[in-house]
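*Asks:*
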Amino acid sequence: MTPLLRILILGGTTEARRLAERLAPRPELDVRLSLAGRTSNPVPHPVPLRIGGFGGADGLAAYLMDERIDRLIDATHPYAAQMSANAAQAAALARVPLLALRRPAWQPVAGDRWREVANAQAAVDALGDVPRRVFLALGRNEIAPFAGAPQHFYLVRSVDAVEPPLAAPRAVYIQARGPFREEDDRALLAAHRIDGVVSKNSGGDAAYGKIAAARTLGIAVILLRRPALPEVPAVETVDDAVAWFAHAGVSAARGV
Ligand code: NAP
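With the sequence shown counted from 1, adding 2 to any position gets you the working numbering.
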């Protein structure tokens with residue numbers, strides 16, 4: 003009998019969940035998925051979950067060896083650079099083959115008014131001194147620097163409540179989980195008379211609505227630059243990640 007191939011997917015993204023859905027029914031694979039535990043109410047997944055950090059690259063390497071993981075898939079968000087770095091280091095330490103599933107960045111098209119900046123503080127600087135009405139489409143952990151520019155109005159959308167709230171006198175909070183449709187985001191930006199959007203270049207469809215809406219409404223977008231990620235074998239689509247397992251049953255041995 004062919005031994006089960008144990009797969010660990012580092013998740014927290016739609017792609018990770020879709021990959022798990024595709025691999026879960028395969029009898030030769032034993033798939034589990036890891037979440038950081040950032041959101042209080044994660045969406046259901048079709049495979050067993052483990053939740054919480056591993057304790058750095060060494061901790062992940064120990065987990066891979068202890069649990070006899072045969073394949074590691076880093077399907078984390080493109081801005082989860084620490085986890086991706088840890089995955090590369092741990093896979094090398096534990097000698098477990100690693101594949102990264104990385105969605106491509108959005109590319110500007112005609113009508114986009116984009117400016118790319120290094121980080122959230124640089125986005126604050128780019129907004130300038132004159133009061134503006136800003137849509138902050140950033141995680142609750144990333145918006146703190148905007149408290150340094152309290153002259154602006156902020157519309158903040160995040161999955162979990164922003165606690166404590168931003169130390170800015172004019173801020174409105176929306177708790178919502180994507181995907182977000184372009185027409186809904188257009189209505190949202192118009193209703194709040196937004197004149198600037200701050201976002202990551204997340205790529206994919208789920209968060210693109212605001213980018214398309216900003217283009218239609220002629221609103222400037224400040225994009226936080228993508229972080230550098232380790233150079234490891236990588237694919238851009240769930241289909242290509244599934245293809246990596248095409249011959250899983252015949253190459254189940256560790257290190258293949
Ligand atoms: P990060 O800064 O790269 O990672 C910080 C630490 O969080 C890691 O060192 C690790 O702790 C733990 N961690 C991260 N992802 C993990 C996972 N999938 N399973 C177990 N531990 C994990 O990560 P982040 O940017 O805060 O993102 C956290 C999670 O949210 C990731 O799963 C990511 O896919 C998801 N996410 C992130 C963003 C974003 O914009 N950054 C957006 C959407 C979803 P230890 O060192 O203790 O192992």
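Glycine included, every Cβ here is placed at the ideal spot set by N, Cα and C.
So, is ALA193 buried or exposed, given that buried needs 16 or more other C-beta atoms within 10 angstroms?
*Replies:* Exposed, by the Cβ-count rule.
*Asks:* Measuring from the CB of THR15, is there a heavy atom of the ligand NAP at a distance below 7 Å?
*Replies:* yes
*Asks:* Nearest to PRO152 by CA position, among VAL33, ASP127, ALA139, is which residue?
*Replies:* ASP127
*Asks:* Considering just the uninterrupted stretch of the alpha helix (DSSP H) at VAL240, what are its terminal residues?
*Replies:* 240-245
*Asks:* When DSSP labels each residue in this structure, what does ARG73 get in the three-state scheme?
*Replies:* Secondary structure at ARG73: strand, using DSSP grouped into helix, strand and coil.
*Asks:* Using the rule of at least 16 other Cβ atoms within 10 Å of the residue's Cβ for burial, across every protein chain shown, is VAL45 buried or exposed?
*Replies:* exposed
*Asks:* So is the beta-carbon of PHE56 under 7 Å away from any non-hydrogen atom of the ligand NAP?
*Replies:* Remark: the shortest separation between the CB of PHE56 and any heavy atom of the ligand NAP falls under 7 Å.
*Asks:* I'd like the list of long-range same chain contacts for LEU37, defined as Cβ closer than 7 Å, with 5 residues on each side in sequence excluded.
*Replies:* Taking LEU37 as the centre and dropping the five residues before and after it, the same chain places the C-beta of GLY13, GLY14, PRO44, LEU51, ILE53 closer than 7 Å to its C-beta, in chain order.
*Asks:* Suppose only complete runs of 4+ residues qualify. What are the alpha helix (DSSP H) ranges in the region 111-188, listed by chain order?
*Replies:* 122-129
*Asks:* For the putative contact between LEU35 and ILE11, defined by C-beta atoms under 8 Å, what is the C-beta separation to the nearest angstrom?
*Replies:* Confirmed, Cβ separation roughly 4 Å.
*Asks:* Need the endpoints of the beta strand (DSSP E) that ALA96 sits in, please.
*Replies:* Premise fails: ALA96 lies in the alpha helix (DSSP H), 83-96, not in any beta strand (DSSP E).
*Asks:* The ligand NAP heavy atoms versus the CB of LEU37: any closer than 7 Å?
*Replies:* yes
*Asks:* Kindly indicate which three-state DSSP category ARG8 falls into: helix, strand or coil?
*Replies:* Reduced to three states, the DSSP call for ARG8 is strand.
*Asks:* Please state if the CB of PRO80 and the CB of ARG105 are separated by a distance shorter than 8 Å.
*Replies:* yes
*Asks:* Have a look at GLN109 and PRO5 and give me their C-alpha separation to the nearest angstrom.
*Replies:* 43 Å
*Asks:* So is the beta-carbon of TYR81 under 7 Å away from any non-hydrogen atom of the ligand NAP?
*Replies:* yes
*Asks:* How would you call ILE196, buried or exposed, if buried means at least 16 neighbouring beta carbons within 10 angstroms?
*Replies:* buried
*Asks:* Report yes if the C-beta distance between ALA9 and ARG97 is below 8 Å; otherwise report no.
*Replies:* The sequence shown places Ile at residue 9, not Ala. No, these two residues do not count as a Cβ contact at 8 Å.
*Asks:* If you pair each beta-carbon of the region 178-193 with each one of the region 205-224, do three or more pairs fall below 8 Å?
*Replies:* yes
*Asks:* Which same chain residues end up closer than 7 Å to ALA178 when comparing Cβ atoms and leaving out the 5 residues on each side of it in sequence?
*Replies:* ARG159
*Asks:* Grab the span of the beta strand (DSSP E) containing ILE53 for me, first residue to last.
*Replies:* 51-53
*Asks:* Which of helix, strand or coil does DSSP assign to ILE213?
*Replies:* helix
*Asks:* Could you work out which residue in VAL49, GLN91, PRO48, ARG172 is closest to LEU66 when comparing CA atoms only?
*Replies:* Out of VAL49, GLN91, PRO48, ARG172, GLN91 has the C-alpha closest to the C-alpha of LEU66.
*Asks:* Is there contact between the region 237-251 and the region 13-31, where contact requires at least three CB pairs shorter than 8 Å?
*Replies:* yes
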